[in-house]
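No gaps in the numbering here: position 285 of the sequence shown is 1090 in the numbering used here, and each next residue is one more.
Each residue gets a CB set at the ideal place from its N, CA and C atoms; glycine is no exception.
All values derive from a computational prediction rather than experimental measurement.
Here is the structure we will look at, set down as structure tokens.
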Amino acid sequence: MANQPIPMHRHDWLLLFLLSVLWGGSFFFNGVALRELPPLTIALARVALGALCLLIVLKPLGGALPRRGVDWLPFAIMGLVNNVIPFSLFLTAQTMISSGLASVINATTPLFAVLVMAASGEERLTGRRIAGVLIGIGGVALLRGPGLTAENQTLGILLCLGAALSYGFAGYWGRRALGGVPPLTSATAQLICSTPVMAIIAASVERPWMLPMPGVATWLALAGLATLSTALAYILFFRILNRSGAVNVVLVTLLIPVTAILLGVWILNEPLSVNEVAGALIIAASLIVIDGRALAWVKSRMAGV
806 MANQPIPMHR HDWLLLFLLS VLWGGSFFFN GVALRELPPL TIALARVALG
856 ALCLLIVLKP LGGALPRRGV DWLPFAIMGL VNNVIPFSLF LTAQTMISSG
906 LASVINATTP LFAVLVMAAS GEERLTGRRI AGVLIGIGGV ALLRGPGLTA
956 ENQTLGILLC LGAALSYGFA GYWGRRALGG VPPLTSATAQ LICSTPVMAI
1006 IAASVERPWM LPMPGVATWL ALAGLATLST ALAYILFFRI LNRSGAVNVV
1056 LVTLLIPVTA ILLGVWILNE PLSVNEVAGA LIIAASLIVI DGRALAWVKS
1106 RMAGV
């Protein structure tokens, strides 16, 4: 029998919101870098520089890497489904569709995660979780609804859906194979494993050494991708995954479009529309439904009346 769904650990809600800011920024950094670099080269730079950042702090922070070759296999698989496939697909998609639309499609990840965890028998499929994810996707669609028809590029959308599916498998694999591994070790090892694979792919398709030297803005975007959206973000990702489970950690993809809009309002002074406020409230409601504890509390109160 499948396990009961895991509720979100109370300490992980703040980490989830912080992770949404870090990963929401990745779509912006991608958009800047794509002006001068091809997608697979950016993906290579992201994993390679991210791995380098974590290697620098690994020992000072008390981390360690696997010692035996066989112990690297789980991290190699994680690197494939959590980095190589989704990074390549999202970056390629962003040459066809906008960053905003890509982040909206990314919000389908929790639905894929729920289905993968149920199919594998890791967590029981419940109507409440399915309903919560669908409500959240509806809220995300409301956030960016007017832009969906204007930039409906079929291939780009399909690539984003493929990336979201890969993230769904990554949540399952991380929970199953890397449970109990320190977050710093998981983040570093999976990025190390991703780097040679991404290097072979980028070298075969794009020949990065033949490209002209990018400008300062592109280098800053790559630095942001590596340090914030990859190195730091993956430490948070694996910490949440270990405590709160695969389905809960990918709820971050529902929050990414919200944080992107809020950053635009606070930093760029962009206007806030009624659609965006309503969409954010619907997403908040979906998270409450998926978590379940608030609904259980209300139910118990009503039963006691």
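For GLN899, the three-state secondary structure derived from DSSP is coil.
The beta carbon of THR846 is closer than 8 Å to those of ALA1007, GLU1011, PRO1013 and LEU1016 in its chain, skipping five residues each way along the sequence. Per DSSP, the unbroken alpha helix (DSSP H) holding GLY979 starts and ends at 959-982. In this structure the region 817-827 lies against the region 1053-1063, because at least three pairs of beta carbons, one per stretch, are closer than 8 Å. Comparing alpha-carbon positions, the option among ARG981, SER908, LEU1056 and ILE940 lying closest to SER1091 turns out to be ILE940. About 6 Å separates the beta carbon of ALA1051 from that of MET922, a gap short enough to meet the 8 Å contact definition. The three-state reading of DSSP puts ARG929 in coil, since its state is none of H, G, I, E or B. Rounded to the nearest whole angstrom, the C-alpha separation of PHE917 and LEU827 is 22 Å.
At least 7 Å separates the beta-carbon of ALA907 from that of CYS858. In this structure, DSSP gives VAL862 a helical state, which the three-state scheme calls helix.
A check of alpha carbon separations from PHE974 across LEU839, GLY868 and ASN888 identifies ASN888 as the nearest.
Look at ALA856 here: in three-state DSSP terms it is helix. Beyond the five residues adjoining it in sequence on each side, LEU970 comes within less than 7 Å, by CB distance, of PHE917 in the same chain, given in chain order. With a cutoff of 7 Å on beta-carbon distance, GLY868 and LEU1041 are scored as not near each other.
For LEU885, the number of other beta carbons within 10 angstroms of its own is at least 16, and it is reported as buried. Distance from the CA atom of GLN995 to the CA atom of GLY932, rounded to whole angstroms, is 33 Å.
THR1032 sits in a helix when the DSSP states are folded into three classes. For ARG1044 and ILE935, the gap between their C-alpha atoms comes out near 24 Å.
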